[in-house]
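In the working numbering, the protein residues as written are 105 to 404. Structure first, then comments.
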Amino acid sequence: MKHITSDFDISENDLKEILNLSSKIKKNNEAYQDIMKNKTLIMLFELASLRTRVSFEAGFNQLGGHAIFYSIEGGKFTRDESMEDGIVNLSRYCNFIMARVLKQDVIERMSNVATVPVINGMTEVYHPCQNLADLLTIQEHKGKLNDIKISYVGDGGCNTANSTMIGGINSGMKVTVVCPENQKYNPNPTILKKLNNKVEVIHDPYKGVSDADVIYTDVAVSAGMEAEKEERIKAFKPYQVNSELLKKAKENTIVMHCLPAHIGYEITREVMDSPQSVVFDQAENRMHAQKGLLVWLLNK
Ligand code: CP
């Protein structure tokens, strides 16, 4: 049995297997439509979600299974039941647990006691399911991952940046993080070291996106960061993905965003709706990549 608590739980070979399976299922869902028959996925959410919730539920249903949503708002099960007892109990009812929680240590505590696979549906540190969808999207649009240059523009220390760096390096991509000089927006040094310092960090936005095959941005003010809103808006203004920035990259550079987008902040409407934007292919691929992950986990 395997847990996906972070992108570090997915090896280079695992990535290839999961992406291959995701593509196969995307092309021919019929062949997999009963694979999760009589199986149950429990989805625990401490934070709101559109894509993660709906793509997991729709995808699991399309594989013949049944998905159950359960809110753990406030980081707790009802009546103050301990996280560990709740997870041990839920493991008796289901085949998979997917959880979106604020803190990474909670997902790790869940995986320590669960007797079914636990999947990280996003914490403040990692967003591995998003990264699988991102890689599938890049592979589809660019025909490969190896040697593709991705420039992640914005907060280099956020969960999506972490997952982009890990998944990108593990799949042979060239990863550049384009972020403000302020240390708090730079990539986590521990993660950089774990990736053998293969990630390039650049503070000049124009230089950072030159030669990029993929420009990736994310919301500058995430849930829980409202107190820093003004400071963040100011810090990330020069890093807005707009048509001027896009011109500094290649003619066929694709633009990605993990969504939800905040138009006029990290990205303009013009770029979001441009032919170079693949953001809704990327959002659709959340479902396909997660199907691939679930089927892959079933066979572990
Ligand atoms: N990208 C993403 O995780 O979207 P949701 O917050 O809507 O799930």
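Idealized CB from N, CA, C, for every residue including glycine. The structure displayed is predicted, hence computed values, not measured ones.
**Q.** Inter-residue spacing [alpha-carbon to alpha-carbon] between residue 178 and residue 189
**A.** Using only the alpha carbons, I get a separation of about 17 angstroms.
(Q) Using the three-state DSSP reduction, which class does residue 139 fall into: helix, strand or coil? (A) Three-state DSSP puts residue 139 in coil, outside helix and strand.
Q. How about residue 386 and residue 241: do their beta carbons lie closer than 8 angstroms?
A. Here residue 386 is near residue 241, since their CB atoms are less than 8 angstroms apart.
Q. Would the beta-carbon of residue 299 fall within 8 angstroms of that of residue 277?
A. Annotated as distal: residue 299 and residue 277, with beta-carbon spacing of 8 angstroms or more.
Q) If you draw a straight line from the alpha carbon of residue 161 to that of residue 393, how long is it in whole angstroms? A) If I take the Cα positions, the gap works out to 13 angstroms.
Q) In three-state terms, what does DSSP make of residue 294? A) Three-state result, residue 294: helix.
Q. Between residue 292 and the rest of its own chain, which residues show a CB-CB distance below 7 angstroms, the 5 nearest in sequence each way excluded?
A. Apart from sequence neighbours up to five positions away, the residues of its chain that approach residue 292 with a beta-carbon distance below 7 angstroms are 261 and 266, ordered along the chain.
Q) So what does residue 224 bridge to, in DSSP terms? A) Looking at the DSSP assignment, residue 224 forms a beta bridge with 203.
Q: Measure the alpha-carbon distance for residue 201 versus residue 348 and round it to whole angstroms.
A: Cα-Cα distance, rounded: 43 angstroms.
Q. In the structure shown, what three-state DSSP assignment does residue 353 receive?
A. Residue state for residue 353 is assigned as coil, using DSSP reduced to three classes.
Q | According to DSSP, residues forming a beta bridge with residue 94 | A | Lying outside 105 to 404, the shown extent of the chain, residue 94 is not represented and no answer is given.
Q: Determine the closest residue to residue 122 out of 397, 326, 176 and 143, with distance taken between C-alpha atoms.
A: Between residue 122 and the set 397, 326, 176 and 143, the nearest pair of CA atoms involves 397.
**Q.** Buried or exposed by the 16-neighbour rule on C-beta atoms within 10 Å, applied to residue 219
**A.** When all chains shown are included, residue 219 counts as exposed.
Q: Output yes or no for whether 8 angstroms exceeds the beta carbon distance between residue 157 and residue 149.
A: Yes; because the gap between Cβ atoms is below 8 angstroms, this pair is in contact.
Q: Check residue 264 in the structure and name its three-state DSSP category.
A: Taken through DSSP and simplified to helix, strand or coil, residue 264 comes out as helix.
Q: Assign residue 334 to one of two classes, buried (16 or more other C-beta atoms within 10 Å of its C-beta) or exposed (fewer than that).
A: Answer is exposed; the Cβ neighbour count stays below 16.
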